[in-house]
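Before any comments, here is the structure.
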Amino acid sequence: MRMKMFAAFAAAAVLTVSALAMGPVPRPAPNLDFVDANGKHVVLSSYRGKVVVLQFLLTTCPHCQNMSMMLSKMQAEFGPRGFQALGVAYNVMDEPTTTPAQAGAAARDYASKYAAGFPVGYDPHEPILAFLSDSVLDRLGFPQVVVVDKKGVIRAQSEPQGTAALQDEHTLTMLVDNLLKEGAISKK
């Protein structure tokens with residue numbers, strides 16, 4: 197009986213920590229600095245004034261590949277209005293022996309196949325988890341999607357296990373379109 201109570205308590209504690217791990221939305225986006233496929237640093241704050249969709253991805257994940265192709269379409273459609281898609285590979289720095297050149301090549305290969313028109317780079321796990329405000333106890337589902345408004349505020353974010361709504365083209369398109377309209381001067 198004690199063992200069952202302890203197991204139930206432990207499960208509840210893990211779920212509580214996991215639920216509290218993701219930061220509240222909306223919240224200011226912490227700055228993120230990742231390396232693009234060509235070795236250049238990309239800093240999220242340099243996109244202030246644009247609506248940004250960050251996709252944290254696994255290069256081998258079919259859901260991530262589909263999401264990137266969707267973001268490519270959105271980049272073409274909404275880019276002229278102030279939209280920017282960014283991809284950050286989570287898995288290309290998995291091995292301690294992986295060199296930046298190898299990580300860059302993996303990101304470049306992924307971008308050439310699935311992410312036309314927007315930068316894809318890589319970052320180690322720790323900065324990504326810190327940006328997402330996720331716990332190391334969370335098992336992440338991919339892609340992880342974060343939507344940042346023109347003022348640098350996170351307006352939507354995947355749950356650690358993933359959020360289907362942010363992977364739905366219609367839902368994400370409507371969200372981005374509405375955020376692009378915020379602060380726009382109406383023409384009469």
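Counting in the working numbering, the sequence shown runs from 197 upward without gaps.
For each residue, glycine too, the CB sits at the ideal point set by N, CA and C.
Burial state of residue i, where buried means 16 or more other Cβ atoms lie within 10 Å
i, result
"residue 258", "exposed"
"residue 266", "buried"
"residue 368", "buried"
"residue 270", "buried"
"residue 364", "exposed"
"residue 356", "buried"
"residue 227", "exposed"
Between the CA atoms of residue j and residue i - distance to the nearest angstrom
i, j, result
"residue 342", "residue 249", "6 Å"
"residue 276", "residue 374", "15 Å"
"residue 247", "residue 352", "12 Å"
"residue 326", "residue 272", "30 Å"
"residue 300", "residue 366", "31 Å"
"residue 238", "residue 298", "18 Å"
"residue 376", "residue 344", "11 Å"
"residue 252", "residue 285", "6 Å"
"residue 318", "residue 221", "24 Å"
"residue 308", "residue 256", "14 Å"
"residue 236", "residue 296", "11 Å"
"residue 232", "residue 254", "15 Å"
"residue 294", "residue 287", "11 Å"
"residue 329", "residue 304", "27 Å"
"residue 359", "residue 336", "11 Å"
Sub-7 Å separation of residue i and residue j beta-carbons
i, j, result
"residue 263", "residue 315", "no"
"residue 289", "residue 323", "no"
"residue 372", "residue 279", "yes"
Residue i versus the options, residue with shortest Cα-Cα distance
i, options, result
"residue 281", "294, 313 and 287", "313"
"residue 234", "363, 328 and 302", "302"
"residue 224", "299, 370, 346 and 365", "346"
"residue 283", "306, 328 and 355", "306"
Cβ distance (whole Å) where residue i is taken to contact residue j below 8 Å
i, j, result
"residue 244", "residue 348", "5 Å"
"residue 268", "residue 311", "6 Å"
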